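In the working numbering, the protein residues as written are 343 to 692.
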């Protein structure tokens, strides 16, 4: 794989048809190929000179781009877990079914050592776990047998992932709380404390450079969720670090530790919702029965049972039902001056 360099030279004028300029190819001091046109005589005809130059140029381009760079298909991920363990993993999809060899060292004068603990994926090596004790460089090489695919050196602090903070302590005073925890053994970190209630949709964050964070504007009667994590500052470690995992959620109410906030908030709410649903169900059921009774009464009016006798029916009216009905209507309307329309309305509404 080498570049092609064409060096300009001066050409003497052609004296006659037989004079030719010979194309000379030599290796340049920069490691490429130097093409020069040498004015000399040759048995070749000058008509073939452009074809020869084009062939050499194509050959140089093919040699320059035809070979894949070793290790270009490997995608690495490096994570430094709190300066205790370094995990190097790779994506070997382009080399399926091949077990790579990982060798490493921490100093340039040391000899490479094999990986003590491989990470397996689908039965093949996909990474290596290394024990470290402090910050420093890491030199490693990934090989396919004896052929090096990737050789690299890096600073393990660039890929720092701090340990998650634990044992959160809470000190309440009126409407504020101070959250503290044990700090990590190195500097240039940022501690983030998040809190929310059961009625909040999102977490609210408060940050500080030490694990001593004060949060104001809290209601001691409410139950709060708290969690914490640590992030490495970019100006000290770079932009490829990872934040720590979130700590376990802690529940606080009235300055006391709670097992959960859901019990105190959701149980009364559940009872209220269940009671309202039950009341509405019973109300709708009674309303439906009443409506059904009215509809049935309109469509199917009640008919007297013929097996019973109606004593006094004919004796009271003496067979004149029309006069009796009009008298009842007059009595109901409060006077003897009843119109036929009023009688009709009263008769059919009875």
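C-beta atoms are modelled at their ideal positions from N, C-alpha and C, and glycine is treated no differently.
These numbers were taken from a predicted model, which means no experiment stands behind them.
To which residues does DSSP link residue i through a beta bridge?
i, result
"residue 433", "417"
"residue 573", "532"
"residue 495", "481"
"residue 441", "Its beta-bridge partners do not exist; DSSP assigns none."
"residue 538", "567"
"residue 428", "422, 472"
"residue 456", "445"
"residue 512", "521"
"residue 547", "536"
"residue 466", "463"
"residue 600", "593"
"residue 489", "486"
"residue 557", "519"
"residue 503", "423"
Label residue i either buried or exposed according to how many other C-beta atoms from any shown protein chain fall within 10 Å of its C-beta, with 16 as the threshold for buried.
i, result
"residue 616", "exposed"
"residue 570", "buried"
"residue 578", "exposed"
"residue 479", "exposed"
"residue 515", "exposed"
"residue 613", "exposed"
"residue 547", "exposed"
"residue 439", "exposed"
"residue 637", "exposed"
"residue 586", "buried"
"residue 467", "buried"
"residue 475", "exposed"
"residue 451", "exposed"
"residue 491", "buried"
"residue 619", "exposed"
"residue 401", "Its pLDDT being 39, under 50, residue 401 is placed unreliably by the model, and the measurement read from it follows with that caveat. Classification for residue 401: exposed."
"residue 519", "buried"
"residue 574", "buried"
"residue 634", "exposed"
For residue i and residue j, I'd like the C-alpha separation in whole angstroms.
i, j, result
"residue 423", "residue 530", "16 Å"
"residue 433", "residue 416", "6 Å"
"residue 409", "residue 557", "Low local confidence applies: a pLDDT of 35 at residue 409 is under 50, so the model's placement there is unreliable, and no value is given."
"residue 560", "residue 449", "52 Å"
"residue 461", "residue 428", "12 Å"
"residue 629", "residue 622", "10 Å"
"residue 510", "residue 464", "39 Å"
"residue 418", "residue 553", "33 Å"
"residue 535", "residue 601", "19 Å"
"residue 425", "residue 582", "15 Å"
"residue 565", "residue 523", "21 Å"
"residue 604", "residue 496", "47 Å"
"residue 533", "residue 437", "41 Å"
"residue 499", "residue 584", "11 Å"
"residue 431", "residue 470", "6 Å"
"residue 457", "residue 473", "10 Å"
"residue 540", "residue 563", "13 Å"
"residue 517", "residue 504", "31 Å"
"residue 489", "residue 455", "16 Å"
"residue 597", "residue 528", "31 Å"
"residue 508", "residue 627", "56 Å"
"residue 594", "residue 543", "18 Å"
"residue 551", "residue 459", "35 Å"
"residue 631", "residue 545", "50 Å"
"residue 494", "residue 576", "23 Å"
"residue 481", "residue 435", "24 Å"
"residue 625", "residue 599", "43 Å"
"residue 580", "residue 453", "29 Å"
"residue 549", "residue 477", "25 Å"
Just checking my contact of residue i with residue j at CB under 8 Å: how many whole Å lie between their CB atoms?
i, j, result
"residue 537", "residue 512", "At roughly 10 Å, the Cβ-Cβ gap does not stay under 8 Å, so residue 537 and residue 512 are not in contact."
"residue 588", "residue 506", "7 Å"
"residue 699", "residue 501", "Missing from the structure shown is residue 699; the chain here goes from 343 to 692 and no further."
"residue 555", "residue 521", "5 Å"
Original post:
With a cut-off of 8 Å, do at least 3 Cβ pairs link the region 466 to 486 to the region 429 to 447?
Top reply: With the rule of 3 Cβ pairs closer than 8 Å, the region 466 to 486 counts as touching the region 429 to 447.
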